[in-house]
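These notes are about the structure you will find just below.
Residue numbers (my numbering): 640 to 1135.
In structure tokens, the structure reads:
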């Protein structure tokens, strides 16, 4: 089905996200002939000081982030010609008047019928002003699919707690309807995350085992080797729990734990995800650990500063750069199965993966073996190298009954012989097509904040002695103690 004509309006058109992710993703879609035949891009922002001409800004971004072999010069120039620019401050009423005139011109010349997809690649504090001006200038409609339609893509954070998230939702609903709001989480655009549902529901092997009777525990690790870099000001106001856990980690868990939807239509899938989040027990300090990295070493052994020494981080900050928690889902399927999360910066590896440990065999039948068989583990690695693998026990060749663990693995790059697309390509294409299945609905956001809010409120009132782990380590000792209370430990598949 061909995509409908559309003008893509980019707020924050000269920002880092636009330069690194959005423009390259749009170019790849253009180069693959995946964009609508009638399509235009209108940027709205203050001009970039290094490239005040917007065509030059677009050209430089594509040249920097798209390899030479993927961009022919004539295709790059064709793409650049799709773009125009309205220089303005986001709170400048006259700027929106100029935007209205530019959209009228583009709609007429390009034949885009007044269909507008707005992308808010801006600081969250600016979103209410942008929405208000769009409404006051008549730049939105109440239609999500019939021309002239309006859709709005919003970047996280969606509030800083449940109350602020609800206020933001109300601000959107004063301007457009819920089905016109596309709350983006780039994790959901990754192929490996989407394959969680495919693995479960397209293969009869797994779904009968996907419950408390057969699964012993689930562990989710989101590990980053870098520190906060130049994001110190933003990150210090958020912390690791808000930045990574409330959004990315809980979204992955909701896909892992949801019941089979009656279809893969957007609302059917999001309804089941919301049910999982509703069934999660709110976090408390007993079931959670926080940490902040001190000075230590990076991946290559180089000395790196502690969080408190990073640029833009206020002195004496108690913001967590690491958190670990035990989550409980109070449902018939998952009652009694712990879901452990750990997410942190300045850890030894750059890694996002899910480890699902099944219950062990009830009897050690192979009595001649030198070791007891270990429980099977299903690994879903999201990044850096997408992979699905299963750890099983087999007999060591040439022995009577010696058992060894063996990994049955599938690396995406080797299996499919094609490079994985950037998550933003899939998400932008879905938004252009009006498919919201990979975007978050308001009730998912609300339920996720319900889970983390009590913990964040407690931490805010309870100062802690930071730092408590060195850069280049796996976080504070308390993270290991959290699992040791349950006679467990963080699983490692480094040997495979």
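Where a beta carbon is used, it is the ideal one built from N, C-alpha and C, also for glycine.
The C-alpha of residue 985 is placed about 17 Å away from the C-alpha of residue 1117.
Given a length threshold of 4 residues, each whole run of the alpha helix (DSSP H) inside the stretch 1032–1096 is given here in chain order: 1051–1055 and 1062–1072. Checking the DSSP bridge columns, you'll see residue 642 has no partner listed.
Excluding five sequence positions before and after residue 846, the CB atoms of its chain that fall closer than 7 Å to its own CB belong to 839 and 840, given in chain order.
In this structure, the alpha-carbon of residue 856 lies about 6 Å from that of residue 976.
No Cβ-Cβ contact shorter than 8 Å links residue 1081 with residue 1044. DSSP, read as helix, strand or coil, puts residue 926 in helix.
Residue 726 carries a strand assignment under DSSP once its states are collapsed to helix, strand and coil. Residue 925 is classed as exposed because its beta carbon has fewer than 16 other beta carbons within 10 Å across all chains shown.
In this structure, the alpha-carbon of residue 787 lies about 7 Å from that of residue 780. With fewer than 16 other Cβ atoms inside 10 Å of its own Cβ, residue 785 counts as exposed.
Setting aside the 5 residues that flank it on each side, residue 897 is surrounded in the same chain by 911, 912 and 915, each with a C-beta closer than 6 Å to its C-beta; the list follows chain order. A residue is called buried once 16 or more other Cβ atoms fall within 10 Å of its Cβ, and residue 921, having fewer, is exposed. The beta carbon of residue 999 lies closer than 6 Å to those of 1014 in the same chain, with the five residues before and after it left out. Bridge pairing for residue 767: absent [DSSP]. Selection 1095, 741, 698 and 1001 evaluated against residue 720 yields 698 as nearest (Cα-Cα).
Beyond the five residues adjoining it in sequence on each side, residue 828 comes within less than 7 Å, by CB distance, of 1062, 1063, 1065, 1066 and 1077 in the same chain, given in chain order. For the set 1120, 955, 1052 and 650, the Cα lying nearest the Cα of residue 1022 is the one of 1052. Secondary structure within the stretch 680–768: the alpha helix (DSSP H) runs of 4 or more consecutive residues, fully enclosed, are 693–704, 712–719 and 732–749 (chain order). Ranked by Cα distance from residue 842, the options 692, 956 and 899 are led by 899.
As a beta-bridge residue in DSSP terms, residue 936 pairs with 942. In the structure shown, residue 998 adopts coil according to DSSP, grouped into three states. Partner residues in the beta bridge of residue 1022, as assigned by DSSP, are 991. Per the C-alpha coordinates, the member of 644, 677 and 714 positioned closest to residue 663 is 714. Out of 776, 669 and 649, the CA that lies nearest to the CA of residue 685 is found in 649. When DSSP reads this structure, residue 1109 sits in a beta bridge with 933.
Residue pairing of residue 977 in beta bridges, as defined by DSSP: 967. With 16 or more neighbouring CB atoms inside 10 Å of its own CB, residue 893 falls in the buried class. Around the beta carbon of residue 712, fewer than 16 other beta carbons sit within 10 angstroms, so the residue counts as exposed. For the options 939, 669 and 991, the alpha carbon positioned closest to that of residue 884 is the one of 991.
Using a Cβ distance threshold of 8 Å, residue 993 and residue 966 do not count as a contacting pair. For residue 824, no beta strand (DSSP E) segment is defined, and its DSSP state is neither H nor E. Between residue 770 and residue 725, the beta carbon gap of about 17 Å keeps them out of contact (Cβ cut-off 8 Å).
Of all alpha-carbon atoms in 1011, 1083 and 1089, the one lying nearest the alpha-carbon of residue 1040 is that of 1011. Listed in chain order, the non-local C-beta contacts of residue 667 below 6 Å within the same chain comprise 1064, local neighbours out to five positions each way being set aside.
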